[in-house]
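K.L.:
Residue numbers (my numbering): 11 to 153.
Cβ coordinates follow ideal geometry from the N, Cα and C atoms, glycine included.
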Amino acid sequence: MNRTIQRSLVAAIAAIAVLPAAVVSADTAAAQQRHTAPHQQMPHRRTAPPQLWAPSHSTTRPVAGTRYVRGRVVTRHMPLRIRSGPGTGYRVIGSLRPASTVHISCKKYGRNVHGNHRWYKLSYSKGYVSARYVRNVGAIPWC
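(1) Closest to R142 by C-alpha separation, out of L132, H127, A149 and K136, would be which residue?
(2) Do you know offhand how far Y119's Cα is from R86's?
(3) Look up K131 in the DSSP assignment and give the residues it is bridged to.
(4) Could you please give me the residues that DSSP links to I92 through a beta bridge?
(5) So, is P59 buried or exposed, given that buried needs 16 or more other C-beta atoms within 10 angstroms?
(6) Could you check whether Y130 and G95 sit closer than 8 Å to each other, using their CB atoms as the reference points?
(7) Would you tell me roughly how many angstroms separate the C-alpha atoms of P151 and R77, rounded to the nearest one?
(8) Would you mind sorting R101 into buried or exposed? The rule is 16 or more other CB atoms within 10 Å of its CB.
(9) On the criterion of 16 or more Cβ atoms from any shown chain inside 10 Å, does K136 qualify as buried, or is it exposed?
(10) How about R121 and V83: do their beta carbons lie closer than 8 Å?
Below, the structure written as structure tokens:
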């Protein structure tokens, strides 16, 4: 390999190696400026995380004094297990066939199922189903 090309490659690699360090030091300086600002007392409120998916319409309807949102089971071949609580460690109390319709009363945090920590409480049962396997068509309130 030609010495000129070799030196150029070494210089390019060195420049690339130094670039992330310069970005980190700039971020650190900006963070220090933000951190030295006077601390303001903010009220602590517990809020639900924002909804990432906004439906075009809601199917929330009253049923015997309660409200529910309609959803559809999106498992392909296996039935969706209904559990006694919001997690896979709870007892199985029933199941739903693929593509069946469910009525959801609220959502709750529970055990992670393939990256999703939300569980839906069924309005017609005391059971929960993983939100990973239900596609809802409306905004679901927190329990």
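P.N.:
To lay it out plainly:
(1) With distances taken between CA atoms, R142 lies nearest to H127 out of L132, H127, A149 and K136.
(2) 24 Å
(3) According to DSSP, K131 bridges with C116 and Y138.
(4) G104
(5) Per-residue confidence for P59 stands at a pLDDT of 42, beneath the threshold of 50, marking its modelled position as unreliable; the derived number appears in the next sentence. Label assigned to P59: exposed.
(6) no
(7) 10 Å
(8) exposed
(9) exposed
(10) no
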